[in-house]
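Student: Below: one structure in structure tokens.
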Amino acid sequence: MFAWGVRRGVELAGKLFAFHLTDKEADFGHTKLDGSRIFVTALPMLRQETHGRDIVEGLVLHEIGHHIYH
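Count the sequence shown with our numbering and you get residues 608 to 677, in order.
Written out as structure tokens, the structure is:
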């Protein structure tokens with residue numbers, strides 16, 4: 608999933624991002640705009656929740672969007 612995010616980051620933002628898992632269950636994702644590290648939870652996919660992969664992809668795109676917008 609994170610390899611997919613790296614490819615989308617290059618495609619959408621023109622940057623190479625490094626993706627990391629969040630360490631808290633309630634932390635869905637965050638990023639710092641002065642760096643290239645993006646943190647996202649993979650729990651929905653790992654728990655095989657309904658549409659878990661789509662949820663994680665959405666979180667990845669959301670965090671990339673912060674870099675594009677700001």
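Every residue gets a Cβ at the ideal spot worked out from N, C-alpha and C, and that includes glycine. Note that this is a predicted model, so its numbers are computed, not measured.
Nearest CA to the CA of glutamate 632: which residue from Ile675, Gly621, Thr657 and Phe646?
Tutor: Minimum Cα distance to glutamate 632 is reached at Phe646.
Student: Does isoleucine 675 pass the burial test, meaning 16 or more other C-beta atoms within 10 Å, or should it be called exposed?
Tutor: Exposed.
Student: Helix, strand or coil: how does DSSP classify glycine 659 here?
Tutor: DSSP places glycine 659 in helix when its eight states are reduced to three.
Student: Give the single residue among Glu664, Thr648 and Phe626 whose Cα lies nearest to the Cα of glycine 642.
Tutor: Here the closest residue by C-alpha is Phe626.
Student: Taking 8 Å as the limit between beta carbons, can you name the residues of its chain near leucine 653, skipping five residues before and five after?
Tutor: Result list for leucine 653: Gly659, in chain order.
Student: Using DSSP's beta-bridge definition, name the partner residues of histidine 637.
Tutor: Paired residue(s): Phe646.
Student: Quick one: grab the DSSP three-state call for leucine 623.
Tutor: Reduced to three states, the DSSP call for leucine 623 is coil.
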